[in-house]
Every structure is written in C-alpha cells, then in structure tokens.
Ligand code: FAD
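Residue numbers (UniProt numbering): 17 to 411.
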C-alpha cells in the first residue's frame, strides 16, 4: 500500500494524520517527530504548564487504533524529492506522498546562545526548564512584548516573580496590531505588577544582568526571549523545495509544494489567500487544525479545494481573554466597541463597508459572530457597530 510520511509531529502533523484516517486514506501513515515526547499541544506551555497547574498536554489521540506509526525522537535532516526519500537521524525513509509539518523555531537574541539563564519558550522541555525558575521567584527579564512575552510575564507574575519586559517598539504587540489598538494594552503590564520598558533595546546579556542600549542595567536571574519564530525549514535548504524569504515553504492554494507528491501545512508553510489577496504565513493554533483537513482531502484526490481560511487565534494574558479573527492589513476603517480602559472591549476593522477583522478583549461573542460575518463577506453599518450594547451581528 502507498505510504504517507508526515515530517513533524506537532499540531499540524498530528491533525494531518488523523484527518487522513477520518477521510479514509487506506495506506500507511507514518508520523515522524524530532522531540522524544508523545505529541503534545503547545498553547498550554505558556499557561497552565509553566505554573505546574497541568503536568502535560499530550494530544488525546489513539495513534495505534488509528493505524498511525509514530517515529519519535527522530530528526529529519534532508529531503531528496527526486527519489522520494527523507534522510533522518536513523537512516533514509522512503515515501509515496510526503507532508511537511515541521512548524517553527523561536528566534534567539544574537550573542546569547550558551549563556546560562537565557531561555526560549517553544517546547515542553523549555517549559519544564522554566517551571523551577518561576518557583524560585526569581527576578526575570522578558525580551519582547509579543504574544509569548505577554503570556510568560503573566505566568511569572502569578508565580510571584519580579518581572521586567523589554520591548524595542513603542507599544506591546507592535508587530501584530496597529499602535492605537496596542497602546492601551501597556497598562495591563502595570496592573499586573510587571514593568514594561518600551522603546528599549538590549545591548548585551551578561550572567545575572541585561544591559540596555541606554546604559540601564537590569538584574536578571533569568532572561526569557520571546522575539518571534521562523519556519523550521533550514533542513530543506538543498531539497529544491521552493522557500520564501521568510523561510516559509511556498505552498499553493491546495497546500502543495513545488515538488510532486509533497504538501506543507502549519507554521512552516505560507499559502496564497484569495480572500486577502496576498500570501499568508500564519503562526497560530487554528491554522494547524484547519489546514490539515483541506490538505488531507486534496491528498486523497477529492475535488481540489483551496485553503483560504479566516485566520483566528486567542491569547490569555494578564487575566484577559484576547481573541482575533480575520486580517486587518487592508482595512480602511477602525471602529471601537467599548472603552479600551474598561474590562471588555473590541475593535472592528472594515474595508469599504465589509467587516474584515475583529479583535476582542473579554467579548468572545463579538469574535464568534464576527468570524462568521467575515467568512460570509457581510457588510455592516459602522454607526450601529460602534454600540457595544447591541450584538455585532445586528450591525
Ligand atoms: P509545531 O507545533 O512547531 O510542531 C512542529 C513539530 O515538528 C515540532 O514538534 C518539532 O519538534 C518537529 N520538527 C521540526 N523540525 C523537525 C525535523 N527536522 N525533523 C523532525 N521533526 C521536526 N496559538 C494560538 O492560536 N493561541 C495560543 O494561545 C497559542 N499559544 C502558544 C504558546 C506557545 C508557548 C507556543 C510556542 C505557541 C503557541 N501558539 C498559540 C501557536 C501554536 O501552538 C502553533 O501555531 C502550532 O503549534 C503550530 O503547529 P505546527 O504543527 O505547525 O508546528
């Protein structure tokens, strides 16, 4: 029987294997992952697992019952598509069809690799190394006020650590949100007792301290770096598979790569979106859930379907539930629902009279309704939209 090999046993790899079985793939399925652990979910790593509120986050999937072969603790080192072979730490592995799902790897702070007490947060091992750091209630410097930095700072404050967050931009989440929407979030850090230093750049990390470019010396028993992630595709460098400048595998709208019989999905791959008129690289959990369903159907050779989702994600930070759906890149109008210094508010983005994105803080209904409206290309009335007391759907 034909064999599908999936490289990468994170959310996207596991969901691909499961979707292939659910959709009736009759052949072999082999799921290969570099990490030694049972495949697990990443979002809890910056939340419950750091605080010891959960021991693990292994997926509840019965791989054996589904006839999925697991090869764990086995890194893939190269791909030779012309002979349909993967090179792995434990030798070559042939495939009939291949799915690339190696995810992303965190970007390190230059010059800090090997310095004791400098941490990244991507894997279960990272989280387990950080848990005792929190327990010791150390003074921690977090570099980067993005999603991971904010969630880590939340957990560290909850554990009773002294926390300083250093951010190069003028506001937190500068890479993800426009300034006026991100600016009110700076107050969340202070409310939680964390110090946020914006427009601040790290000059050097020394043992026990972080020195900023303005000369400030911050005492740091530990440093946690959260300055972004890039697709884990370096191993594909000589494979001939087309990669973008951002390192992402360039998938087409069906999630096929440039090599025959090879697909790509999740954090490692970008895809062209007709909906947004540009190529998208999405580093969020929902993309690693939805993409595999489309991929599996296409691999099974059903009516080819384009993968063109309305992106969605959530973050839990400083006691708030933050959600986002859509893409505001091409929006021309921003409408507030509620006051940004309140406990719950949201923001809607319109392009002409169509809803294209929603960000909600503590207003999950706005995102649930907004997501469907964006999907349907619904038009809205900005005046009615601005009334937080009336449901988004009635705007
Ligand atoms: P990954 O989860 O990165 O899985 C890829 C797997 O491939 C890894 O296990 C890796 O070891 C393996 N691999 C890589 N290279 C090789 C190789 N050469 N050979 C073999 N195996 C290899 N998203 C949200 O929407 N909401 C959240 O609240 C949220 N919280 C997060 C918190 C943390 C701490 C992190 C790190 C991410 C969070 N995310 C969140 C993002 C979400 O977890 C990712 O988008 C999702 O995990 C992507 O899945 P993936 O399978 O594409 O990649």
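In this text, a Cβ means the ideal position worked out from N, Cα and C, and glycines have one as well.
Asked, Found
"Answer with buried or exposed for residue 82, where buried requires no fewer than 16 other C-beta atoms within 10 angstroms of its C-beta.", "exposed"
"Pick out the complete alpha helix (DSSP H) segments inside the segment 119-156, 4 residues or longer, and give them in chain order.", "140-151"
"Using a threshold of 7 Å, is the CB atom of residue 283 nearer than that to any non-hydrogen atom of ligand 1?", "yes"
"Using the Cβ count rule (16 or more neighbours within 10 Å means buried), how would you classify residue 392?", "exposed"
"Identify whether residue 41 lies in helix, strand or coil by the three-state DSSP scheme.", "coil"
"For the alpha helix (DSSP H) containing residue 308, name the first residue and the last one.", "301-315"
"Would you kindly report the start and end of the unbroken beta strand (DSSP E) that includes residue 287?", "285-289"
"Compute the Euclidean distance between the alpha carbons of residue 26 and residue 339, then round it to the nearest angstrom.", "22 Å"
"When the distance is taken between beta carbons, is residue 247 closer than 8 Å to residue 263?", "yes"
"Excluding the 5 residues flanking residue 53 on each side, which residues of the same chain have their C-beta closer than 6 Å to its C-beta?", "140"
"Taking just the CA atoms, how far does residue 145 sit from residue 165?", "16 Å"
"Give every residue of the same chain whose Cβ lies closer than 8 Å to the Cβ of residue 229, excluding the five residues on either side of it in the sequence, and list them in chain order.", "216, 217, 218 and 219"
"On the criterion of 16 or more Cβ atoms from any shown chain inside 10 Å, does residue 331 qualify as buried, or is it exposed?", "buried"
"How is residue 384 classed by DSSP in three states: helix, strand or coil?", "helix"
"Please confirm whether any heavy atom of ligand 1 lies closer than 7 Å to the CB of residue 62.", "yes"
"For the beta strand (DSSP E) holding residue 366, just list the boundary residues, first then last.", "361-367"
"What residue ranges within the segment 233-298 form continuous beta strand (DSSP E) runs of no fewer than 3 residues, ordered along the chain?", "233-235, 238-241, 245-247, 278-280, 285-289 and 294-297"
"Pull up the distance between the alpha-carbon of residue 74 and that of residue 65, whole angstroms please.", "12 Å"
"Please identify the residue among 225, 137 and 261 whose C-alpha is closest to the C-alpha of residue 131.", "225"
"Using the rule of at least 16 other Cβ atoms within 10 Å of the residue's Cβ for burial, across every protein chain shown, is residue 78 buried or exposed?", "exposed"
"The beta strand (DSSP E) that contains residue 335, what's its start and end?", "Premise fails: residue 335 is in no beta strand (DSSP E) and is neither H nor E."
"Express the C-alpha separation of residue 221 and residue 49 in angstroms, rounding to a whole number.", "32 Å"
"Which partner residues of residue 108 appear in the DSSP bridge assignment?", "103"
"Leaving aside the five residues before and after residue 292 along the sequence, list all residues of the same chain whose C-beta is less than 8 Å from its C-beta, in chain order.", "343, 345 and 346"
"My assumption, with CB atoms under 8 Å, is that residue 380 sits in contact with residue 329. Please give the rounded CB distance.", "Rounded, the Cβ-Cβ distance is 13 Å, inconsistent with contact."
"Report whether the distance from the Cβ of residue 334 to the nearest heavy atom of ligand 1 is below 7 Å.", "no"
"How about residue 275 and residue 266: are their beta carbons less than 8 Å apart?", "no"
"Rounded to the nearest angstrom, what separates residue 200 and residue 92 at their Cα positions?", "44 Å"
"Do you know how far the Cα of residue 376 is from the Cα of residue 157?", "28 Å"
"Confirm, please, whether the CB-CB distance from residue 237 to residue 133 is below 8 Å.", "yes"
"Which same chain residues end up closer than 6 Å to residue 322 when comparing Cβ atoms and leaving out the 5 residues on each side of it in sequence?", "269"
"Quick one: what's got a C-beta closer than 7 Å to residue 209's C-beta in the same chain, skipping five residues either side?", "173"
"Rounded to whole angstroms, what is the Cα-Cα separation between residue 51 and residue 90?", "7 Å"
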